[in-house]
Every structure is written in C-alpha cells, then in structure tokens.
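Under my numbering, the sequence shown has 388 at position 52, and the numbering climbs by one with no breaks.
Backbone N, C-alpha and C fix where the C-beta goes; we use that ideal spot for every residue, glycine too.
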Amino acid sequence: MLKPFILSLWIMTLSSGAAFAAPSINDMQGCQAYLDFVANKLTDLKDVYSIDDISSIRRGLSKYNQHIQRTIITPGLLEFTGNDAQKAKETQLQIDAYKTHVSESLKQKYQKNKLLSDYAIAIDECAKKAMPAGAVLQELKTAVELIVSLAKQD
337 MLKPFILSLW
347 IMTLSSGAAF
357 AAPSINDMQG
367 CQAYLDFVAN
377 KLTDLKDVYS
387 IDDISSIRRG
397 LSKYNQHIQR
407 TIITPGLLEF
417 TGNDAQKAKE
427 TQLQIDAYKT
437 HVSESLKQKY
447 QKNKLLSDYA
457 IAIDECAKKA
467 MPAGAVLQEL
477 KTAVELIVSL
487 AKQD
C-alpha cells in the first residue's frame, strides 16, 4: 500500500515545477543529516536485513548525498562567501557539526532496530527539493523502494 504512494510521489515530483525550484542550503543540509542518519542506522541493521539490501540502500543514499553536496552545498557556500574557499570550508565545518547534531537527535527519536517508512517519506521530501537525474535518481529510487519494502516486512 505504501509503495504505490511513494511511487506516485516520485511521479508527481518529476512532473511538478517543484522539482525545478532552487533548493536552499539550509533545507539540503537537513536532508544530508537525514541521509547520514539512515546510513548510520543501516550499520546497526546488518543482522536484520540482507547485505545486498543494505548495500543497495547505502549506495543510493550515498550517491544522492554526494549529489546534494556537489550541486547545491559546495557551490552555494562559495557563492555565499564570495568565492572565498577558506570561508566556505569553515562554513562547511559548521554545517557538518549541525548535521551530526541533527543525526544524533534522529537517533534518539527513532530507537527501533528496523527501517521505517518515515525514512522513505523524508527522503522523498528531500528529492522533491533537489531531484537528481540519471543513475543517481535510479539508485535513489531503488533505495527508497527497498526501505519501504523492508519497513513493511516488520
């Protein structure tokens, strides 16, 4: 039941103008924190889910996280700091600290030793703000679908 919902969100996102709006650094650092949280959660779930499923999810999340960093965060920080690479690097350190804080807060909120559909929904919301393309999109889609499928098993 949830899988068609998630898939319909993907279709709506692809066809909506929201997929083309410029995402903010603030929004996307929150998304990166969520991606980090789920990736870290997978480490705790290696005895619960198959290595192949965990690897597929981790790969999709990692590639999407890299996409966010490469296309939004890094260029946005350079623009924000007037192309001052040192200031951008310092700001990135602040963002990294913020992401760690958010990830730790999520760890406290989601203490169950399983994947939840909430994770897929949050990642989908991020994708609405910054839709990747090509192979990154396919791997992210696979990751989200696997999260939904595994969440339904429990």
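- [ ] Return the first residue and the last residue of the alpha helix (DSSP H) that Asn498 is part of.
- [x] As shown, the chain starts at 337 and ends at 490. That puts residue 498 outside it, with no answer to give.
TODO: Please state whether DSSP places Gln447 in a helix, a strand or coil.
DONE: Translated into the one-based positions of the sequence shown, residue 447 becomes position 111. Gln447: coil per DSSP, three-state reduction.
Open item on the list: Can you find the residues in the same chain that come closer than 7 Å, C-beta to C-beta, to Ala471, ignoring five residues on each side of it along the sequence?
Closed with: Position 135 of the sequence shown holds residue 471. In its own chain, leaving out the 5 sequence neighbours on each side, no residue places its CB closer than 7 Å to the CB of Ala471.
TODO: Taking Gly366 and Ala479 to be in contact with their CB atoms under 8 Å, please state how far apart those CB atoms are, rounded to whole angstroms.
DONE: Position 30 of the sequence shown, counting from 1, holds the residue named residue 366. Position 143 of the sequence shown, counting from 1, holds the residue named residue 479. At roughly 18 Å, the Cβ-Cβ gap does not stay under 8 Å, so Gly366 and Ala479 are not in contact.
- [ ] Please work out which residues of its chain come closer than 6 Å, Cβ to Cβ, to Trp346, disregarding the five sequence neighbours upstream and downstream, and give them in chain order.
- [x] The count along the sequence shown starts at 1 and reaches residue 346 at position 10. Unreliable placement is indicated for Trp346, whose pLDDT of 47 sits below 50; the coordinate value is still reported in the next sentence. Nothing listed; no residue qualifies.
Task: Residue range of the alpha helix (DSSP H) that includes Phe478 - done: Counting from 1 along the sequence shown, the entry for residue 478 is found at position 142. The sequence given here has Thr at residue 478, not Phe. Counted as a single uninterrupted DSSP element, the alpha helix (DSSP H) harbouring Thr478 occupies residues Gly470 to Gln489.
TODO: Could you tell me the distance, in whole angstroms, from the CA atom of Lys488 to the CA atom of Lys445?
DONE: Taking the first residue of the sequence shown as 1, we reach residue 488 at position 152. Taking the first residue of the sequence shown as 1, we reach residue 445 at position 109. Lys488 and Lys445: Cα-Cα distance of roughly 20 Å.
Open item on the list: Buried or exposed for Lys377, going by 16 or more other Cβ atoms inside 10 Å?
Closed with: Within the sequence shown, numbered from 1, the residue matching residue 377 stands at position 41. Burial of Lys377 is indicated by the presence of at least 16 other C-beta atoms within 10 angstroms of its C-beta.
Task: Buried/exposed call for Leu451, threshold 16 Cβ in 10 Å - done: The count along the sequence shown starts at 1 and reaches residue 451 at position 115. Buried.
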